[in-house]
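Right, one structure below, let's go through it.
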Amino acid sequence: MSASSPTPTVQAADAYRRMVDSAFDYAIVSCDDAGTILTWSEGARRLFGWTEAEMLGQPMQRLFTAEDVAARIFEQECEAARVHGRANDERWHVRKSGDRFWASGELMCLAAAPGLAPGYVKVVRDRTHQRREDMARRQMAADMEFLARASDELADLDDLQATLDKIAHLAVPGFADWCTVDLLEEGNALRRVAMAHQDRERLARAQELQAQYPPDPRTTGGVWDVLRSGRARLVEELTQDTLQRFVPDPGRQAAVRELGFHSYIMAPLVAHGQPFGILSFATAESGRRYNQDDLALAVDLARRAAVAIENARLLRALRDADRAKDVFMATLAHELRNPLAPIWNGLSIIKRVSGDRSRVEQVSGMIERQVAQLSRLVDDLLDVSRIAANKLELRRERTSLVRVINAAVEIARPHIEALHHKLSLVFPDEPAEILGDPGRLSQIFSNLLINAAKYTRRGGHIELLVDVQDDEVVVRVRDTGIGIAPDMLGRVFGLFTQVEQSEDRRQGGLGIGLSLVQGLVRLHGGRVEARSAGLDQGSEFSVCLPRLKPGDVPDTVEETEARPPAVATARRILVVDDNLDAASSLADLLVLAGNEVQVAHDGQGAVERTESFRPDVVLLDIGLPDFSGYEAARRIRKLEGVRQPLLIALTGWGQQQDKEDAAEAGFDQHWTKPVDPAHLLALASR
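Shown next, in the form of structure tokens:
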């Protein structure tokens with residue numbers, strides 16, 4: 001053997017090292033008798049994250065959690081290995097990153113031998129995934145039957161108290177010895193509404209103690225902390241120290257000790273993101289000790305219980321609203337059919353008299369009026385929704401009420417003249433000015449005038465009077481109509497309220513007009529009142545608005561009306577809408593105006609046509625079949641080598657959040673359907 005050849009011992013050591021390092025799934029670490037690391041395998045580097053250079057000479061305790069180090073777990077393993085030759089365990093270990101992982105380990109004792117010091121070899125394998133699967137299976141097996149039964153039984157209940165009692169009894173005795181339900185009431189009071197225990201005498205005693213020692217909102221760590229934080233709390237063992245910390249009141253401490261509580265869980269009942277009660281579980285005579293798995297189960301049950309309680313609470317209100325809903329839906333169908341019928345008829349007429357220009361223009365005018373009526377109906381519904389959500393914004397400016405009322409009269413005039421009513425207007429000599437939104441003010445008075453016309457028999461008299469007082473302007477709208485019954489006066493401004501419910505419903509309406517009037521008046525800082533001497537005695541609606549006196553605000557105000565549209569010029573326009581009729585009719589309209597138009601019906605088509613057609617304007621619907629108009633806008637904005645078009649969202653969604661979403665996606669403008677064709681042609685062709 002040459003002098004340069006490795007000795008058999010060296011060869012064996014090299015082979016052993018290669019074998020150890022090839023065991024990628026195992027961390028193999030050796031240490032001396034004091035626990036100082038001597039070797040560190042490639043598998044150890046992969047599993048723990050530290051390199052060999054970082055770990056040689058380090059203590060083995062570095063691989064253990066802080067609590068295991070404090071409990072001297074490694075030293076206990078070494079002792080067991082010295083006695084039995086090896087020690088097996090499963091526990092949490094720590095990576096270099098600080099993350100914990102669950103591992104199975106085996107520590108083998110290496111006895112002293114010639115040339116070798118005594119020590120240990122530890123083999124570790126990551127079992128985190130298997131542990132999670134095992135825990136999930138165990139928890140699923142333990143919880144499935146209980147939660148399924150709870151859901152089934154709660155789903156069948158529609159009475160609130162029955163629901164509360166069922167919730168409390170579901171957990172006893174399988175999950176808890178005691179279960180209680182506490183709900184928040186007005187005035188921030190917590191009331192116990194249900195309690196369950198198998199022993200009726202002990203249950204009665206617990207109810208006495210609860211009445212005598214209710215939970216104090218000033219205490220920390222108890223039910224009030226859970227209510228304030230919205231987070232569940234687990235008390236694994238209710239020791240004397242824990243009891244004194246959570247329940248400082250001596251009387252309540254004595255009550256808890258009398259009932260023998262051992263372990264405790266408090267889970268919040270949450271609806272709409274706000275805690276409204278507490279579902280509590282306690283063990284006593286069973287001696288059971290709750291753990292994190294039990295806490296998860298309690299939270300899940302509390303979530304289901306909260307849904308059941310909310311459902312029971314809402315059911316009565318839903319039943320009360322059911323009739324109003326039925327009436328509203330029937331009326332809505334009626335109101336939609338009214339304009340749809342003449343539109344349908346008008347289209348049939350146009351087909352038959354297409355050569356008679358005068359007749360076509362007459363029918364077209366009728367269709368425009370009916371479409372405008374549909375638009376007003378939808379606008380009123382949206383306005384009511386915005387007011388209810390506090391999302392309707394006013395554009396305030398110094399406004400002459402006389403000018404506003406004249407505009408309202410023009411809107412209402414067709415309704416008044418159609419029934420041959422006489423309209424009288426009485427204006428004051430002095431200025432009647434307020435700080436308000438002219439468009440919304442006109443909406444208020446046109447609604448009142450249209451209502452007066454609608455509920456006044458043919459040939460009646462409608463009178464509008466403006467009275468300027470010291471601090472307010474009062475506008476009264478009087479009619480000689482059907483009047484209002486005394487029992488209706490207090491409810492006439494309610495949403496979906498019909499002033500008269502005749503069999504033929506000839507007056508029509510959704511019952512939202514007066515509710516909308518009241519909401520708009522309140523937004524202007526005013527009030528509206530209804531008066532009537534009774535049925536067939538006519539009615540009077542008074543709108544009182546804060547008066548704006550000279551000098552209260554500067555006479556110059558920011559211009560809020562839209563500027564006249566620019567003169568139309570031919571443009572390349574892309575129309576994107578998955579509604580084929582809507583897309584083709586809009587395209588035809590734009591082509592007739594001299595524009596070059598292409599059409600797409602989905603988001604991908606919108607992006608591709610923008611890249612190939614290079615439009616000046618893209619009218620883009622939001623609800624598309626493949627991806628949304630928002631996403632299409634984002635992709636269009638990312639196109640390279642393409643002059644960016646004017647992006648206009650043309651959609652039926654018109655809330656403020658919809659406009660903000662459109663702007664964020666890259667739209668230049670947001671239009672709500674239907675758009676006035678003249679307005680559309682002018683803006684799209686700028």
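Just so we're aligned: 239 in UniProt numbering is position 239 of the sequence shown, and the numbers increase by one with no gaps anywhere. Glycine included, every Cβ here is placed at the ideal spot set by N, Cα and C.
C-alpha distance - residue i paired with residue j, whole-angstrom precision
| i | j | result |
| --- | --- | --- |
| Gln518 | Arg440 | 12 angstroms |
| Asp470 | Val378 | 38 angstroms |
| Ser346 | Glu640 | Position check: residue 346 holds Gly in this sequence, whereas Ser was assumed. In a straight line, the C-alpha of Gly346 is about 47 angstroms away from that of Glu640. |
| Gln240 | Gly57 | 46 angstroms |
| His129 | Glu67 | 22 angstroms |
| Ile512 | Ala408 | 18 angstroms |
| Leu183 | Ala189 | 8 angstroms |
| His679 | Ala271 | 45 angstroms |
| Gly436 | Ala587 | 39 angstroms |
| His262 | Val235 | 9 angstroms |
| Gly594 | Ile573 | 11 angstroms |
| Gly508 | Leu318 | Only weak support exists for where Gly508 lies, its pLDDT of 48 falling under 50; the coordinates are left without a value. |
| Phe627 | Asp621 | 11 angstroms |
| Gln537 | Ala570 | 59 angstroms |
| Arg614 | Tyr455 | 55 angstroms |
| Phe101 | Asp126 | 7 angstroms |
| Asp429 | Leu464 | 15 angstroms |
| Cys78 | Ser41 | 20 angstroms |
| Gln76 | Leu110 | 16 angstroms |
| Ala312 | Asn390 | 28 angstroms |
| Gln244 | Gly654 | 57 angstroms |
| Leu315 | Glu611 | 53 angstroms |
| Lys673 | Ala412 | 23 angstroms |
| Phe276 | Arg303 | 12 angstroms |
| Ala176 | Glu310 | 24 angstroms |
| Leu154 | Leu269 | 15 angstroms |
Own chain partners of residue i with C-beta closer than 6 angstroms, once the 5 adjacent residues on each side are dropped
| i | result |
| --- | --- |
| Asp555 | Annotation note: pLDDT 45 at Asp555 (below 50); position unreliable, coordinate value reported separately. If we look at Asp555 and ignore the five residues flanking it on each side, it has no Cβ neighbours. |
| Phe541 | Leu448, Val477 and Ala530 |
| Ile349 | Val363 |
| Ser502 | Caution is warranted here: a pLDDT of 43 is assigned to Ser502, below 50, making its placement in the model unreliable, and no coordinate value can be reported. |
| Trp178 | His197 and Ala282 |
| Pro625 | Asp578 and Asp602 |
| Ser280 | Thr180 and Met266 |
| Val193 | Leu164, Val181 and Leu183 |
Nearest residue (CA-CA) to residue i, options the options
| i | options | result |
| --- | --- | --- |
| Asp25 | Ala103, Lys638, Gln292 and Asn595 | Ala103 |
| Arg403 | Ser442, Ser385 and Ala388 | Ser442 |
| Gly222 | Ala176, Glu463 and Ile278 | Ile278 |
| Tyr630 | Val617, Val607 and Arg571 | Val607 |
| Ile37 | Arg46, Arg100 and Val121 | Val121 |
| Glu237 | Gln76, Gly287 and Glu540 | Gly287 |
| Met135 | Arg359, Glu42 and Gln292 | Gln292 |
| Leu423 | Thr480, Ala284, Arg304 and Glu208 | Thr480 |
| Gly483 | Val384, Ala452, Gly534 and Trp344 | Gly534 |
| Ile387 | His461, Val371 and His524 | His524 |
| Leu580 | Leu592, Ala600, Val591 and Leu589 | Ala600 |
| Gln161 | His415, Ala305 and Leu514 | Ala305 |
| His415 | Ile450, Gly105 and Glu133 | Ile450 |
| Ile343 | Leu374, Ser358 and Ala155 | Leu374 |
| Gln61 | Ala34, Gly85 and Ala87 | Ala34 |
| Phe427 | Val83, Asp225, Asn406 and Ser585 | Asn406 |
| Pro486 | Lys549, Val371, His420 and Ser532 | Ser532 |
| Ala150 | Lys659, Phe74 and Leu301 | Leu301 |
| Ala296 | Arg231, Gln370 and Arg357 | Arg231 |
| residue 688 | His84, Arg82, Glu106 and Arg369 | This structure leaves residue 688 out entirely; the chain is present only between 1 and 686. |
Proximal residues to residue i (C-beta, below 7 angstroms), its chain only, five neighbours per side dropped
| i | result |
| --- | --- |
| Glu472 | Cys544, Leu545, Pro546 and Arg547 |
| Ile444 | Val517, Leu520, Val521 and Val543 |
| Trp50 | Lys96 |
| Phe48 | Ala27, Leu63, Arg95 and Lys96 |
Close-in-space but distant-in-sequence residues of the same chain around residue i (CB under 8 angstroms, 5 per side omitted)
| i | result |
| --- | --- |
| Leu401 | Ala432, Glu433, Ile434, Leu441, Val466, Val473, Val475 and Leu545 |
| Gly677 | Per the sequence shown, the amino acid found at residue 677 is Pro instead of Gly. Taken in chain order, the residues that qualify are Leu589. |
| Gly526 | Glu472, Val543, Cys544, Leu545 and Pro546 |
Does the stretch 663-670 come close enough to the stretch 633-647 to have 3 or more Cβ pairs within less than 8 angstroms?
In the pairwise beta carbon analysis, the stretch 663-670 is classified as touching the stretch 633-647: at least three pairs are separated by under 8 angstroms.
* Asked: Of all the beta strand (DSSP E) runs that stay within the bounds of the stretch 91-115, which reach a length of 3 or more residues?
  -> List check, beta strand (DSSP E) in window: 100-110.
- Query: On the three-pair Cβ rule with 8 angstroms, is the stretch 204-213 touching the stretch 244-259?
  - Reply: Under the Cβ criterion (8 angstroms, minimum of three pairs), the stretch 204-213 counts as touching the stretch 244-259.
### Query
Can you find at least 3 beta carbon pairs, one from the stretch 193-211 and one from the stretch 165-175, that sit closer than 8 angstroms?
Output reads yes: the stretch 165-175 touches the stretch 193-211.
*beta strand (DSSP E) runs wholly inside the stretch 150-210, at least 3 long, in chain order*: Listed in chain order, the beta strand (DSSP E) elements of length 3 or more contained wholly in the stretch 150-210 are 178-185 and 189-196.
Complete runs of the alpha helix (DSSP H) confined to the stretch 351-433 [at least 4 residues]: Runs of the alpha helix (DSSP H) inside the stretch 351-433: 357-388 and 401-418.
Check your understanding: Touch check for the stretch 350-369 and the stretch 485-492: three-plus C-beta pairs under 8 angstroms?
Key -> Proximity of the stretch 350-369 to the stretch 485-492 falls short of the contact definition, fewer than three beta-carbon pairs being nearer than 8 angstroms.
task = With a floor of 4 residues, list each alpha helix (DSSP H) that falls wholly inside the UniProt domain "Response regulatory" (572-686), ordered by position along the chain.
result = Runs found: 580-592, 603-613, 629-637, 656-665 and 677-684.
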